[in-house]
Amino acid sequence: MPSCFVYGRSKNPKSKSHDISFHKFPLSNTELMGKWNDFLMANNLSSNNLTKNSIICSCRFDASNFLAINPEDY
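If you want this note's numbering, it's the position in the sequence shown, counting the first as 1, plus 16.
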């Protein structure tokens with residue numbers, strides 16, 4: 017079961033009931049990944065162990081970090 021790279025929170029039914037979402041690291045977007053690396057360094061974490069399957073839970077973000085997306089576009 018996947019878990020948050022920062023906190024270790026598991027992706028399970030309990031997290032869904034608490035409105036916790038999980039997000040993959042933007043490994044292919046160099047500019048955005050730089051911002052995520054800044055966050056990791058500010059929290060004394062290293063990106064050396066990241067894989068294409070690494071995720072981070074929404075608890076690590078401020079509400080202002082999210083973009084409102086129209087679900088009809090997907």
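For every residue, glycine included, the Cβ atom is placed at its ideal position computed from N, Cα and C. Values in this document were obtained by computation on a predicted structure and should not be read as measured data.
In the structure shown, the three-state DSSP call for Lys40 is strand. Cβ-Cβ distances below 8 Å link Pro42 to Leu48, Met49 and Trp52 in the same chain, with the five nearest sequence neighbours on each side left out; the list follows chain order.
By the beta-carbon neighbour count (other beta carbons within 10 angstroms, threshold 16), Leu83 is exposed.
If you compare the alpha carbons of Leu56, Ala79, Ser80 and Ile85 with that of Cys20, the shortest gap goes to Leu56. For the pair Ile36 and Asn60, the Cα-to-Cα distance works out to about 23 Å.
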